[in-house]
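Chemist: Taking numbering that gives the first Met the number 0, I'd label the letters of the sequence shown as residues 0 to 102.
Below are the structure tokens for one structure; questions will follow.
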Amino acid sequence: MGVARYLTYKKQEFESTLFTPANEHLLMYLLILGTIVCLALLLIKKGGGVVLFAALVNSIGIIFIQFEKELQAYHFFILGILIVLAIQYVWITYFYLRKPEVK
């Protein structure tokens, strides 16, 4: 029962601070923009698995935000998705901004 109480408490706390309706709309637009950018990079530069994975995580985040609000651990899943996306965006930035090796 302790985990259920903790999740209920955190759900109420997150809904009043981090996940207000305005923040959720902003997050939704950022995820859509991230998906578009990743797909564009995939088509233009043939980025491979890293860009495809980031596009998939963006899409999963969009679907999750739209349909899974009844879950008690919903906010923890969204935070996890955001952490994965931040790491992927850093990796994509490094991958596309590095200079090719000269042989």
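Using N, Cα and C, we set each Cβ at its ideal position, and we do this for glycine too.
With respect to 7 Å, is the separation between the Cβ of residue 38 and the closest non-hydrogen atom of the ligand COA below this value?
Modeler: With respect to small molecules bound, the structure shown includes none, and the ligand COA cannot be examined in it.
Chemist: Going by C-alpha distance, which of 77, 48, 2 is nearest residue 14?
Modeler: Cα-wise, what sits closest to residue 14 is 77.
Chemist: What residue ranges within the region 53–89 form continuous alpha helix (DSSP H) runs of no fewer than 4 residues, ordered along the chain?
Modeler: Qualifying alpha helix (DSSP H) stretches: none in this window.
Chemist: Determine the extent of the alpha helix (DSSP H) in which residue 17 is found, giving its start and end residues.
Modeler: Premise fails: residue 17 is in no alpha helix (DSSP H) and is neither H nor E.
Chemist: Could you give the distance in angstroms between the alpha-carbon of residue 72 and the alpha-carbon of residue 10?
Modeler: Looking at the two C-alpha atoms, the distance is approximately 7 Å.
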